[in-house]
Amino acid sequence: MNINKRHIELLSPAKNLECGLAAINNGADAVYIGGPGFGARKQAGNSLEDIEKLIKHAHLFNAKIYITLNTVLKDSEIEEANQLIHSLYKIGADAVIIQDMGLLETDLPPIPIHASTQTDNRTVEKVQFLEKAGFDQVVLARELSVNQIKNISSQTQVPLEYFIHGALCVCYSGQCYMSASINGRSANRGECAQPCRLKYSLKDKDGNLLYKDKHLLSLKDLNQTPNLEELIDAGITSFKIEGRLKSKDYVANVTAHYRKELDRIMAKRTDINKASSGNILTSFTPAPDKSFNRSFTEYFLHDRDDKVWSIDTPKALGEYIGKISKVGKDFFTIDGSTRIANGDGLCFFDQYKNLVGVRVNTSNGNKIFSNQTKGLKQGTDIYRNNDVAFQQAISKKESERKIALDLILEETEEVLKLTLIDEDGISSSSFKELSEKEVAQNKERLASQTEKQLSKLGNTPYVAQSIQMNHKYYWFVPAAILNELRRSAIENHTNLRLQSYQPKNIEFKKTDHPFIKTELDFKANITNQLAKQFYERHGVTQLDWGFEKQAIKNNVEVMTTKHCLLYMTNKCLKFHPEARKYLPLTLFNKQDTYKLQFDCKACEMHIIKK
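Pasting the structure below:
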């Protein structure tokens, strides 16, 4: 894949219009958001009216809006989903993200189609198939290593998207049926109940408990900050933040952080460019560890991370601030230099590894007064999961995104002409007739006052990069006239920018190239006749209906994951073949029981519901 002069896209989540605006204003090149239905986060749907407002705001900055329609569909839903895609195309959406191949059998508008991570994109062959099928962007599996990404990139041309931050599904995306098997709430239908965050116990074949009541399938959160440039060089063009259920402040903070990091990388390179326009002005210093997190991992980017799990709690830890040095009756001291404010939220693990929250009543340097000191002892690690000062800073003032403008004022005998040229080279001119003409007595003062009035762009999406005044007659122009001309020019230029934006149009053509397999089981997630028709046309001769259509309950694999409980318990068979004597392992809680199988060649764990 030729990586020269690539546009690098920062892709942020939005659960609603407010979050989408925050993402754009904090530097996102693109935003993915759910529409009125068929998104993989059922509680994150949005009206077409709100999406259209977001599209208009984004396109002003050449940013894009992608709509998630990444659930599997029933036969009765296909037509409605197709009509929704047509509606999204009409309001200017830049792409739709899908999982269900049945949609490709319908009459689609010329809108780019992205392959969701739920389509399980782990191999060169799968990505090549999707590329030939007409997908305009492919979201890779989170579990891929940098070498696997390089291998895929080197043998494909389609833009590759990769998650860089946020919560991690423990299962390969699109391949998890645990929630559906327990209570019918299908992850592939946007209804996941997150059973992976529950407590489980683990026993060996003799019934010996290895773990009791721990969050054994709960992972830390992803953070690829140190690896962005390596991912660019591996071929990633779209850097995706997870979080379509997260708050506006979360979206703003994490987006601003990665905008800063990517801009830093771009500043020293000539082979990559930002995918949108405008510079960001924030009222806070971005810090991802101050937003919700279960502590961080880079997952499997550099092969197996020793500690991807967060088994003691699925809740937010926040930032590590130090150790307890002293505990009194109603106070404790911390050995770090971090400033703690009244009202901050702290937390720690007690002797039973339970997460305990502490609210700061008052603080005096590193001496903290609180009515909660039970369980604290000298040497305890303590974290801050609510930083009051940071929350005030991020909420105090909305971030602003500004497009740089050159303003040129010219005059004739009868007319003032104001030309605006923005950072993308778009030029517009506005005119104002002069009904009364009077030569200014003080030319220097005229220049100063004119520049002052023209530079008043505070409530607009623009900032003056330069102001040039080509005076011929030095007419005295009242401030009100200049302000009127400036406002008219800004309005005209904004309309021109929006008219100049051209969403990418792609005519989708049905293909018949061979799929990577000729036999498919329920993991292909086929839940409608058109999806069945799609795979059959691509050479699949034997297939099963998806999990949701079969209503499978027991004795079925509900999860495949690279998170290995044998490895976590220091019993990896590659290094400890003698540990085979403990097999099979059983995972269980009060409600459900699972048998574990291990594919050491693929470094995967399979969870079978009993």
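Numbering-wise (the UniProt record's numbering), the sequence shown opens with residue 1 and increments by one.
By construction, the Cβ of each residue, glycine as well, lies at the ideal position given by its N, Cα and C atoms.
Report task. Could you check the C-alpha separation between His302 and Leu209 for me, to the nearest Å? Result -> 32 Å
Report task. Determine the closest residue to Ile111 out of Asn121, Gly134, Asp100, Thr119, with distance taken between C-alpha atoms. Result -> Gly134
Query - Residue burial classification, Pro195 (beta-carbon count within 10 angstroms, cutoff 16) - result: buried
Query raised in the report: For the candidate residues Ala95, Phe292, Ile467, Glu436, whose alpha-carbon lies nearest to that of Ala447?
Result: Ile467
Requested in this report: Leaving out five residues on either side along the sequence, give the residues of the same chain with a beta carbon under 7 Å from the beta carbon of Tyr320.
Outcome: Asp381, Tyr383
Query raised in the report: Along the chain, which unbroken stretches of the alpha helix (DSSP H) at least 4 residues long are found entirely within the UniProt domain "Peptidase U32 collagenase" (382-497)?
Result: 388-396, 443-454
Query raised in the report: Between Ile3 and Thr106, what straight-line distance do the alpha-carbon atoms span, to the nearest angstrom?
Result: Low local confidence applies: a pLDDT of 44 at Ile3 is under 50, so the model's placement there is unreliable, with the coordinate-based value given in what follows. Taking the straight line joining both Cα atoms gives about 34 Å.
Report task. For residue 635, name the three-state secondary structure that DSSP assigns. Result -> Examination of residue 635 is not possible in this model, given that the chain is present from 1 through 610 alone.
Query raised in the report: Per DSSP, what kind of secondary structure is Thr237 in: helix, strand or coil?
Result: strand
Query - CB-CB length for Asn227 against Glu298, believed under 8 Å - result: 6 Å
Requested in this report: Report the partner residues of Met605 according to the DSSP bridge assignment.
Outcome: Thr561, Phe598
Requested in this report: Identify the continuous alpha helix (DSSP H) that holds Asp263 and give its terminal residues.
Outcome: 248-267
Query raised in the report: Over what stretch of residues does the alpha helix (DSSP H) that includes Tyr80 continue unbroken?
Result: Here residue 80 turns out to be Glu, not Tyr, going by the sequence shown. From DSSP, the alpha helix (DSSP H) with Glu80 extends over 78-90.
**Report entry** Nonlocal neighbours in the same chain, by C-beta distance under 6 Å from Ala479, ignoring five residues either side
**Finding:** Gln453
Requested in this report: Measure the alpha-carbon distance for Glu491 versus Lys315 and round it to whole angstroms.
Outcome: 47 Å
Query raised in the report: Which residue's Cα is closest to the Cα of Ile394: Thr373, Arg304, Pro286?
Result: Pro286
Query raised in the report: Excluding the five sequence neighbours on either side, which residues of its own chain have a C-beta within less than 6 Å of the C-beta of Thr333, listed in chain order?
Result: Ser325, Lys326, Asn366, Lys367
Query raised in the report: Got a sec? Which residues, its chain only, sit under 6 Å from residue 611 by beta carbon, not counting five neighbours each side?
Result: Nothing can be reported for residue 611: it is not among the residues displayed for the chain, which extend from 1 to 610.
Query raised in the report: In or out: Val139 buried (at least 16 other Cβ within 10 Å) or exposed?
Result: buried
Requested in this report: Could you tell me if Tyr258 is buried or exposed, where buried requires 16 or more neighbouring beta carbons within 10 angstroms of its beta carbon?
Outcome: buried
Requested in this report: Please list, in chain order, all residues of the same chain as Glu52 whose beta carbon is under 6 Å from its beta carbon, the five residues on each side excluded.
Outcome: Ile91
Query raised in the report: If you run the structure through DSSP and keep just helix, strand and coil, what is Lys74?
Result: coil
Query raised in the report: DSSP three-state call for Gly102: helix, strand or coil?
Result: helix
Query raised in the report: Between Ile97 and the rest of its own chain, which residues show a CB-CB distance below 6 Å, the 5 nearest in sequence each way excluded?
Result: Tyr66, Thr68, Asn70, His114, Ser116
Query raised in the report: In three-state terms, what does DSSP make of Ala23?
Result: helix
**Report entry** Beta-carbon contacts of Ala234 that lie in its chain and below 7 Å, excluding the five residues immediately before and after
**Finding:** Val146, Ile149, Lys150, Ser153
Query - Between the CA atoms of Lys397 and Met1 - distance to the nearest angstrom - result: In this prediction, Met1 has a pLDDT of 39, which is less than 50 and means its spatial position is unreliable; nothing more can be read from the coordinates.
Requested in this report: With a 10 Å radius around its C-beta and 16 neighbouring C-beta atoms as the bar for buried, classify Tyr462 as buried or exposed.
Outcome: buried
Query raised in the report: For the beta strand (DSSP E) that Asp29 lies in, which residues bound it at each end?
Result: Here Asp29 belongs to no beta strand (DSSP E), and DSSP marks it neither H nor E.
Query raised in the report: So, helix, strand or coil for Met1, using DSSP?
Result: Any answer about Met1 is weak, because its pLDDT of 39 lies below 50 and its placement is not dependable; what the coordinates show is given next. Three-state DSSP puts Met1 in coil, outside helix and strand.
Requested in this report: Closer than 7 Å by C-beta to Thr338: which residues in its own chain qualify, once you throw out the five before and the five after it? Chain order, please.
Outcome: Ile321, Gly322
Query - Contact the segment 53-64 vs the segment 269-285: 3+ CB pairs below 8 Å - result: yes
**Report entry** Candidates Thr494, Ala524, Gly174: closest to Ile421 by CA position
**Finding:** Thr494
Query raised in the report: Is it true that the segment 186-205 meets the segment 588-604, where meeting means three or more beta-carbon pairs spaced less than 8 Å apart?
Result: yes
Query - Buried or exposed (CB count within 10 angstroms, at least 16 for buried), Tyr501 - result: buried
Report task. Would you kindly check if the distance between the Cβ of Leu485 and the Cβ of Lys437 is under 7 Å? Result -> no
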